[in-house]
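Chemist:
Residue numbers (full-length UniProt numbering), protein chains in the order written: chain A, 1 to 431; chain B, 1 to 431.
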């Protein structure tokens with residue numbers, strides 16, 4: 001049974017510190033293995049991919065046709081989907097597209113008071129690679145959330161890598177690839193696939209940015225290749241913080257907490273409420289609901305190990321400060337007026353406003369990205385967006401007059417910094 | 001003597017590939033040492049800082065006063081600056097501030113056609129740490145370029161770490177810290193200082209983002225701490241590409257190329273021109289100018305090892321494609337009409353338009369940031385900006401009507417992905 005903490009208990013600060021600092025990410029010994037795999041892929045290319053795929057996925061990459069899943073196959077998977085599922089994917093795609101289109105940054109190009117032309121141009125990267133896990137965690141929603149922002153950014157070449165253990169692929173994922181307009185799907189996975197995307201092989205041309213979820217090997221490969229390519233923020237176990245007053249239906253809040261817990265035993269669900277009786281009701285509802293879930297084992301393990309319930313005296317006065325310490329991936333605010341909470345919570349991946357906004361609508365169809373910073377990284381990082389697939393080039397242009405106005409100061413600073421060629425490049429033009 | 005390549009020579013493609021792929025960054029063995037230092041700082045905190053600072057900087061951190069450079073000391077350094085230097089720093093700061101203020105992103109908050117409230121809020125991180133090298137590479141301009149965007153972003157606590165070998169600090173850097181409004185300056189450097197900023201110690205509270213240049217140890221420490229904190233892109237050796245027709249003064253272009261070469265022996269300067277005679281003149285001017293530089297030894301080493309001159313047949317038809325392959329940090333376009341080049345060059349850190357825009361004005365006073373992606377990273381990353389000190393929280397809010405419109409699709413997808421608690425959190429609210 002998950003203990004119900006109170007902000008009034010004398011050791012609350014200490015207990016809460018422990019919750020904030022707890023690391024649910026495993027310090028695994030994968031770094032060395034990943035470094036080996038990446039080096040091998042860099043040196044041996046496709047032959048290395050073929051070897052690893054045989055070993056890890058039991059799948060043979062021999063003929064040309066073994067390597068790629070064709071666009072025709074994706075289209076076929078799309079047409080074979082149950083109509084309600086196809087409609088749901090299309091609705092999700094359309095709403096994700098609309099939200100991300102509004103993210104497109106504006107270029108700047110202006111002349112300032114000194115007569116200096118200044119500006120910045122945002123452009124997409126040439127090619128993006130998306131990692132799509134095989135097996136249980138192969139989620140079509142995840143493909144949409146990664147691929148559509150890349151497409152909206154204007155990326156010309158969109159490449160998916162995905163392991164197909166014993167040749168099996170997930171038709172929903174293929175259908176999602178069709179909807180998103182993925183250009184290539186390679187049947188390789190693991191660190192070796194990430195290495196191939198970064199370094200390129202004879203078959204697979206390199207990409208500029210790699211995003212998408214994966215296991216510890218995939219995450220470590222991305223981390224090690226950061227700088228060779230751009231990557232999305234390294235993701236850890238998922239988490240939800242639900243801030244709820246006692247006027248909620250405890251069954252709804254229990255389901256919201258479980259929707260995070262069912263992802264993984266390392267997931268974390270936290271409830272903050274101002275009503276101890278409500279917390280006990282939620283706990284009861286969790287115990288009941290959990291028995292009905294096909295994901296019961298995972299949800300139970302997560303809730304027992306990492307579930308937290310905190311009762312505060314004044315919800316608005318106390319919950320935002322606790323939320324800012326936790327900097328959670330998802331924050332639900334299940335109260336009548338969530339507005340002051342939205343203002344006061346500075347650190348969160350995504351915020352779900354009001355009683356009718358369970359996290360699951362955001363995971364699938366609302367439009368904002370579900371790839372969000374975990375493990376308190378919302379303090380400094382953001383959810384996936386079109387910006388992850390773009391980069392900005394600044395530019396400036398001076399004429400004789402504006403050069404006369406600001407050039408001399410540049411020469412002064414260059415001399416002071418001991419960089420005479422910098423100074424000379426300015427002074428020659430002053431004369 | 002630097003050979004003059006021609007795009008007409010039969011092996012040009014191969015030679016250019018080698019230039020593009022050449023790695024000027026050393027594969028140093030610092031990773032293990034840095035990992036040790038970071039672990040030690042994490043465990044032993046200030047005591048570890050004290051030990052390392054004694055060992056590496058010959059400076060004793062004993063009394064409270066030994067640790068911090070006070071704001072009063074910075075203010076004093078500011079007042080003691082030569083007036084022309086102070087004015088130049090103030091001009092630079094004002095222009096950097098103005099350019100970065102225009103970068104501030106807009107929040108979004110709207111209700112879409114389905115009645116779903118959607119939006120995103122940009123907020124600054126709570127605290128930013130800036131690494132400022134000691135010794136030769138202690139540049140006040142670099143402090144301004146890192147600190148001002150953080151301040152403009154709204155960061156409340158701005159912390160500098162800088163080594164003070166044998167107690168020596170650079171008064172210009174302190175004056176720049178005064179201008180930028182830095183809150184704390186700690187006299188620690190190296191990987192240990194980066195570790196202290198990320199993990200926090202008893203004296204130094206942790207920060208959320210760490211930026212700023214440093215040696216191989218500092219860069220590796222930032223790389224290893226990526227994810228614990230946000231960092232700016234890992235920087236490699238600097239580079240300039242100058243695209244110039246034969247109508248330029250060869251002395252000006254020679255100075256521009258040398259202004260990059262004088263930074264470091266690993267820096268790279270590349271000239272692309274359509275006039276072979278002009279290229280030879282530039283080479284002669286370089287040979288002459290270099291003898292007059294106090295930085296001659298560095299500039300000579302860089303130009304001899306990494307300098308490149310390429311003669312093309314048609315400048316506008318050929319140079320942008322070569323520039324896109326190089327994806328250089330700085331690109332100067334010294335022609336009468338740089339506009340078509342600006343359109344065609346997709347990958348560059350910053351572009352300097354026209355004959356009167358030497359890179360040095362951008363390094364100091366133009367306004368755009370001089371912290372730019374190196375080593376072909378302009379393919380996927382951008383110069384430092386206010387966004388590096390901010391993060392975005394998405395939000396969404398549904399009411400009964402909008403929930404009825406899109407909720408069922410979320411439940412359909414949740415079931416299809418095998419996540420029943422996700423589905424239940426939606427279905428309970430539909431009933």
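The beta carbon of each residue, even a glycine, is placed where N, CA and C say it ideally should be.
Everything numeric in this text was worked out from a predicted model, so none of it was measured.
1. Scan the region 347 to 365 of chain B for residues whose Cβ lies nearer than 9 Å to a Cβ of chain A and list them as they occur along the chain.
2. Do the region 166 to 179 of chain B and the region 66 to 83 of chain B make contact, defined as three or more Cβ pairs closer than 8 Å?
3. So, residue 365 (chain A) versus residue 409 (chain B), is the Cβ gap smaller than 7 Å?
4. At a Cβ threshold of 7 Å, is residue 291 (chain B) touching chain A?
5. Should residue 252 (chain A) be flagged as near chain B, meaning a C-beta pair shorter than 7 Å?
6. Apart from the five residues on each side of it in sequence, which residues of its chain come closer than 8 Å, Cβ to Cβ, to residue 264 (chain A)?
7. Do residue 399 (chain A) and the ligand ADP come close, with the Cβ less than 6 Å from some heavy atom?
8. In the DSSP assignment, the beta strand (DSSP E) including residue 240 (chain B) goes from what residue to what residue?
9. So what does DSSP say about residue 76 (chain A), is it helix, strand or coil?
10. Can you grab the Cα-Cα spacing for the pair residue 376 (chain B) / residue 199 (chain A), in whole Å?
11. My guess is that residue 245 (chain A) and residue 274 (chain A) are in contact by the Cβ rule of under 8 Å, so how many angstroms apart are they, rounded?
12. Which of helix, strand or coil does DSSP assign to residue 164 (chain B)?
13. Can you name the start and end residues of the alpha helix (DSSP H) that residue 226 (chain A) belongs to?
14. List the DSSP bridge partners of residue 124 (chain B).
15. Tell me which residue opens and which closes the alpha helix (DSSP H) that residue 12 (chain B) is part of.
16. I'd like to know if residue 421 (chain B) contacts chain A, where contact means its C-beta is closer than 7 Å to some C-beta of that chain.
17. Kindly list the residues whose CB is nearer than 7 Å to the CB of residue 402 (chain B), restricted to its own chain and excluding five residues on each side of it in sequence; keep chain order.
18. Comparing the C-beta of residue 17 (chain B) with each C-beta of chain A, is any distance below 7 Å?
19. Tell me whether the region 302 to 321 of chain A and the region 274 to 285 of chain A touch, counting them as touching only if at least three CB pairs, one residue from each stretch, are closer than 8 Å.
20. State buried or exposed for residue 433 (chain A), treating a residue as buried only when at least 16 other CB atoms are found within 10 Å of its CB.
21. From residue 128 (chain B) to residue 95 (chain A), what distance separates their C-alpha atoms?
22. Could you give the DSSP three-state label for residue 81 (chain A): helix, strand or coil?
23. Chain A beta carbons: is any one of them nearer than 7 Å to that of residue 426 (chain B)?
24. Report yes if the C-beta distance between residue 259 (chain B) and residue 421 (chain A) is below 7 Å; otherwise report no.
25. Does the distance from the C-beta atom of residue 194 (chain B) to that of residue 222 (chain B) stay below 7 Å?
26. Among B:202, B:205, B:393 and B:226, which one has its Cα closest to the Cα of residue 211 (chain B)?
27. Return the Cβ separation of residue 155 (chain B) and residue 104 (chain B) in integer angstroms, given the expectation that the two are a contact with Cβ distance under 8 Å.
28. So the candidates are A:97, A:332, A:382 and A:38; which of them puts its Cα closest to the Cα of residue 252 (chain A)?
29. Considering only their Cβ atoms, is the gap separating residue 353 (chain A) from residue 338 (chain A) smaller than 7 Å?
30. Strictly below 8 Å CB to CB, what residues from chain A border residue 272 (chain B)?
31. Taking residue 497 (chain B) as part of the alpha helix (DSSP H), name the residues at either end of that continuous run.
32. So is residue 414 (chain B) in contact with chain A if we call contact Cβ pairs under 7 Å?
33. Below 8 Å between beta carbons is the criterion; list the residues of the region 199 to 230 of chain A that meet it against any residue of chain B, in chain order.
34. List the residues of chain A whose Cβ lies closer than 8 Å to the Cβ of residue 379 (chain B), in chain order.
35. From which residue to which residue does the beta strand (DSSP E) around residue 110 (chain A) run?
Modeler: Reading from the atomic positions:
1. 347, 348, 349, 350, 351, 352, 353, 354, 355, 356, 357, 358, 359, 360, 361, 362, 363, 364 and 365
2. Three or more beta-carbon pairs separated by less than 8 Å link the region 166 to 179 of chain B to the region 66 to 83 of chain B, which places the two stretches in contact.
3. yes
4. no
5. Taking Cβ atoms only, chain B reaches closer than 7 Å to residue 252 (chain A), which makes this a yes.
6. 237, 238, 298 and 302
7. The ligand ADP is not part of this structure, which contains no ligands at all.
8. 239 to 244
9. helix
10. 13 Å
11. 6 Å
12. coil
13. For residue 226 (chain A), there is no enclosing alpha helix (DSSP H), as DSSP marks it with neither H nor E.
14. B:390
15. From DSSP, the alpha helix (DSSP H) with residue 12 (chain B) extends over 12 to 21.
16. Judged by the 7 Å Cβ criterion, residue 421 (chain B) is in contact with chain A.
17. Taken in chain order, the residues that qualify are 114, 115 and 116.
18. At a cut-off of 7 Å between C-beta atoms, residue 17 (chain B) does not count as an interface residue with respect to chain A.
19. yes
20. Limits of chain A in this structure are 1 at one end and 431 at the other, which puts residue 433 (chain A) out of reach.
21. 35 Å
22. If DSSP states are grouped into helix, strand and coil, residue 81 (chain A) belongs with coil.
23. It does; some Cβ of chain A falls within 7 Å.
24. yes
25. yes
26. B:226
27. Incorrect: roughly 13 Å between the Cβ atoms, too far for contact.
28. A:332
29. yes
30. Near residue 272 (chain B) there are no residues of chain A at all, since even the closest Cβ is about 18 Å away, more than 8 Å.
31. Nothing in the structure corresponds to residue 497 (chain B), since chain B is present only between 1 and 431.
32. yes
33. 208, 209, 223, 226, 227, 229 and 230
34. Those within 8 Å of residue 379 (chain B) in chain A are 125, 126, 208 and 391.
35. 108 to 111
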